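Residues 12 to 489 in this note's numbering are what the sequence shown lists, from first letter to last.
Comments concern the structure below.
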Amino acid sequence: SSNLAFDAVACLCAQHKCDYDVPGAYLQGEQLTHEQCVYRPPVGFRNVDECGVPILWLSNHPFYGQSDAGAIWNRTINTTFTSDQPPHRCGLTQCAQDPSLYSINVVDDGGDGEGGQVNNTLYVDDGRLAWDDDKPAIAKAKSIKGKLKDKYGIEFGCDDPAETHFLGANIMTDKSQRVASVRATLYIDLQVKRYADGDVSPSKRFPAHWSHLPADETLMCVWESAVANRTPASPELTKRYGSLFGSLLHAVKFRPEIVCALGYCGSCLTFPTEELYECLMHILVYLGRSRRLGTTYSAYTENARRLQAFADSNWSTTRSITGFIIMLCGAAIVAVSQRQHCITMSSCEAELVALCDTAIELLHIVEVVAALGQDTSDAVVVSTDSKAAYDLCHRFTSSQNSRHIDRKLFKMCELCGAGRVVVRHIPGETNPADLFTKILARQPFEKHRRTVLNTAGDVQMEAAACDVSSLCEGTSAP
């Protein structure tokens, strides 16, 4: 979520961006004395001295395969980012909610109040830097680049590239229009090549209607049968099923409309069937045929700077499903579909559980967005299609139908009373969170997908939703 929030804020503020890669990240970690390792020399090096005593090497830096190499590297780079001591003084502040995020608000020493924000995010050895178009921020970003290059040999990419690749995503930015599109085109191409031999065009195995939906009623029938029987699968099927599921799971960050279908498939990882594997292939085919779709952030969307949330639940099963999204800059930065942790006695209680889960995530994401330099003083608008849950959020009453509901589920009510959120009621057909609680028909699915991905009015993007030509050309579309 912080990675998408990073892109949304950069789009909102028309920030400059550049990517970087840390060469040999783990090998540059600085070990403490008690962390140093002793090991035998590798083949080809002298392993005994003149007296025949075995030679052992003392390592001052971790190496790949060392169990604590990741922790050592994280501590080393964190010290560099947050240090106020020369020569490598970056002075960034680490976000308490997300340790991969660092930021600083730079104020001009001239005292005229001019300043800017510099944000940095790092995942092991892949990082991105974003800064405002203000003199203090530009100077600070240049200083950080120089210090990181001197200490770790980091080479930075060009500033403001039209397209870049980061953690499997294709990020296309039009800084002048303040629009950013986050897709997974190349990643999807790789998975199509790996699991479908590079061809997901309409055929007897891959029907044409798979282009429009990631799942249909077939998934529900197959899932109910698998859950009822729970028949152990062969090791080969279990491995194949888990591999495909894991590959699709990474695409959820950039294509959130598949999360509900993938959630049903994920609940059967220990007892998969061939029919369920075909349902996973259905999701892959849908992604392959709509590979050019992506999440679009636009600074000119209505209420672009204000966080908005939509929550919903599905009470059709014993343990209901919670679905919610949090939006910024016109598109989703958080999308969740998950089984609820408790059994609810009514649809109202299930909706309250969904609102409670949304409230907990909001507490996290508000702090992340604030760390990125955005004003979060305005109340977050949270929408629900349950009139009963809406009423209980505004005025709690103990009645025969509500007295059994646990008080801990009224977290949203507490935030509403504190003025941090505003809960509103909307019709069910206009609630995009419905996309994450059940398998929808094509018309409502496409309607909510436009809202979540912010593709409404984008003719080129909508046409890409059903594009089956040049499926694996290896480059993303403009």
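Beta carbons: idealized from backbone N, C-alpha and C, even for Gly.
This one's a predicted model, so the numbers in the text were calculated from it and none came from an experiment.
Which same chain residues end up closer than 8 Å to residue i when comparing Cβ atoms and leaving out the 5 residues on each side of it in sequence?
{"i": "S278", "result": "W234, V238 and R350"}
{"i": "K158", "result": "T91, P98, H99, R100 and C101"}
{"i": "V59", "result": "P65 and I66"}
{"i": "D169", "result": "First, the residue type needs correcting, since residue 169 is Cys and not Asp in the sequence shown. Correct list, in chain order: C29."}
{"i": "A152", "result": "H27, V129, L140 and W142"}
{"i": "E285", "result": "L248"}
{"i": "T104", "result": "T93, Y113, S114, I115 and A382"}
{"i": "V49", "result": "L67, W68, L69 and S70"}
{"i": "K160", "result": "E166 and F167"}
{"i": "K449", "result": "C271, N325, S327 and I332"}
{"i": "Q411", "result": "At Q411 the pLDDT is 48, less than 50, meaning the model places this residue with poor confidence and gives no usable figure here."}
{"i": "R251", "result": "Y288"}
{"i": "A244", "result": "Y252, F282, P283 and T284"}
Assuming contact is defined by CB atoms lying nearer than 8 Å, are residue i and residue j in contact in what I supplied?
{"i": "A21", "j": "I376", "result": "no"}
{"i": "W68", "j": "Y37", "result": "no"}
{"i": "L112", "j": "V379", "result": "yes"}
{"i": "K422", "j": "I371", "result": "yes"}
{"i": "Q26", "j": "N71", "result": "no"}
{"i": "A322", "j": "C359", "result": "no"}
{"i": "W326", "j": "A382", "result": "no"}
{"i": "L318", "j": "V391", "result": "yes"}
{"i": "E268", "j": "R460", "result": "yes"}
{"i": "V211", "j": "G299", "result": "yes"}
{"i": "S348", "j": "G334", "result": "yes"}
{"i": "R266", "j": "A207", "result": "no"}
{"i": "L446", "j": "C424", "result": "no"}
{"i": "F256", "j": "L230", "result": "no"}
{"i": "I437", "j": "D389", "result": "no"}
{"i": "L23", "j": "A315", "result": "yes"}
{"i": "L373", "j": "A320", "result": "yes"}
{"i": "Q202", "j": "L295", "result": "yes"}
CB-CB under 7 Å to residue i, same chain, minus the five flanking residues each way: which ones, in chain order?
{"i": "T249", "result": "P283"}
{"i": "Y75", "result": "Y37"}
{"i": "G164", "result": "P34"}
{"i": "R241", "result": "F282"}
{"i": "G40", "result": "H72, P73, A80, I83, W84 and T87"}
{"i": "P52", "result": "N58, I66 and W68"}
{"i": "L527", "result": "Residue 527 is absent from the model: the chain starts at 12 and stops at 489."}
{"i": "L426", "result": "A370 and V432"}
{"i": "C232", "result": "none"}
To the nearest whole angstrom, what separates the beta carbons of residue i and residue j, a pair I think is in contact under 8 Å?
{"i": "Y297", "j": "P213", "result": "Actually they are not in contact, since the Cβ atoms of Y297 and P213 sit about 12 Å apart, beyond 8 Å."}
{"i": "S114", "j": "Q128", "result": "7 Å"}
{"i": "A346", "j": "I332", "result": "Not quite, the Cβ-Cβ distance comes to about 13 Å (not below 8 Å), so this is no contact."}
{"i": "I182", "j": "D18", "result": "6 Å"}
{"i": "N131", "j": "T312", "result": "In fact, because the Cβ distance is near 26 Å, the residues do not count as touching under 8 Å."}
{"i": "S394", "j": "R431", "result": "That pair is no contact at about 15 Å."}
{"i": "D200", "j": "R302", "result": "7 Å"}
Check whether chain B comes within 8 Å of residue i, counting only Cβ atoms and requiring the distance to be less than that.
{"i": "S327", "result": "Absent from the structure is chain B; it holds one protein chain and no more."}
Please go through the same chain and pick out, in chain order, the residues whose beta-carbon is closer than 6 Å to the beta-carbon of residue i, but skip the five residues on each side of it.
{"i": "H223", "result": "R453"}
{"i": "Q108", "result": "H375, E378 and V379"}
{"i": "T387", "result": "V377, V380 and A381"}
{"i": "T184", "result": "A191"}
{"i": "G485", "result": "The pLDDT assigned to G485 is 41, lower than 50, so where the model puts this residue is not dependable; a value taken from the coordinates is nonetheless given after this. Excluding residues within five positions, none has a Cβ falling inside 6 Å."}
{"i": "S13", "result": "D109, L112 and V379"}
Any chance the CB of residue i is under 7 Å from a heavy atom of the ligand NAD?
{"i": "E425", "result": "Absence of the ligand NAD is noted for the structure shown, with no ligands found whatsoever."}
Mind the definition here: the segment 279–289 touches the segment 365–374 only if three or more C-beta pairs lie below 8 Å; say whether that holds.
no
Would you check if there are 3 or more beta carbon pairs closer than 8 Å linking the segment 289–308 to the segment 342–362?
Here the segment 289–308 lies against the segment 342–362, with 3 or more beta-carbon pairs under 8 Å apart.
Assess contact between the segment 178–190 and the segment 266–275, defined as three or more Cβ pairs (one per stretch) separated by less than 8 Å. Is contact present?
no
Return the chain-ordered ranges of every alpha helix (DSSP H) run that is complete within the segment 414–461 and spans a minimum of 4 residues.
422–428
Contact between the segment 260–267 and the segment 216–223 (3+ Cβ pairs under 8 Å):
no
Decide yes or no for the touch test of the segment 130–146 against the segment 173–185: beta carbon pairs closer than 8 Å, at least 3 of them.
The count of Cβ pairs closer than 8 Å, one atom from the segment 130–146 and one from the segment 173–185, reaches three, so the stretches are in contact.
So within the segment 21–99, which uninterrupted alpha helix (DSSP H) runs reach at least 4 residues, ignoring any that extend past its ends?
The segment 21–99 contains these whole alpha helix (DSSP H) runs: 80–93.
Ranges of the beta strand (DSSP E) found wholly within the segment 310–349, counting only runs of at least 3
Counting only runs of 3 or more, we get 319–325 and 332–339.
Output the residue ranges of the beta strand (DSSP E) runs that lie fully inside the segment 162–226 and measure 3 residues or longer, sorted by chain position.
174–177, 180–185 and 190–194
If we require 4 or more residues per run, which alpha helix (DSSP H) segments fall completely within the segment 258–298?
270–277
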